[in-house]
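**Q**
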Amino acid sequence: MMDADGQTVWRGQFSTWGETERELSVPQWQVPQNLRFQGQYLDRVKFIGNKQFLKQINLNALM
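Under full-length UniProt numbering, the letters of the sequence shown match residues 1 to 63, in that order.
(1) If you draw a straight line from the C-alpha of Q13 to the C-alpha of L24, how long is it?
(2) Among R22, W10, Q40 and E21, which one has its Cα closest to the Cα of Q33?
(3) Residue 109 lies in the beta strand (DSSP E); which residues open and close that run?
(4) Determine the DSSP secondary structure at Q40, reduced to helix, strand or coil.
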């Protein structure tokens, strides 16, 4: 990820299956980058990586 000046502020290295192996960021940028492959978003609290599965979860079944 780059800032408005074109400087790299976040860099990630991923495995073939999309697991994050390494994250590097500039110290003054403390916000993690949660975007992953197309259609995926990392929820660091719940560790859900694919938003497509969220559509299939029945919330009433969880209560």
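Ideal Cβ placement from N, Cα and C applies to all residues, glycine included. Quantities reported herein were computed from a predicted structural model and do not represent experimental measurements.
**A** With the given structure in hand:
(1) Here residue 13 corresponds to residue number 13 of the sequence shown, with the count starting at 1. Here residue 24 corresponds to residue number 24 of the sequence shown, with the count starting at 1. Each residue's alpha carbon lies about 9 Å from the other.
(2) On the sequence shown, position 33 is the one that residue 33 refers to. The shortest Cα separation from Q33 among R22, W10, Q40 and E21 belongs to W10.
(3) Past the edges of the chain, shown from 1 to 63, lies residue 109, and the structure says nothing about it.
(4) Numbered from 1 along the sequence shown, position 40 holds the residue referred to as residue 40. In this structure, Q40 counts as strand in the three-state DSSP scheme.
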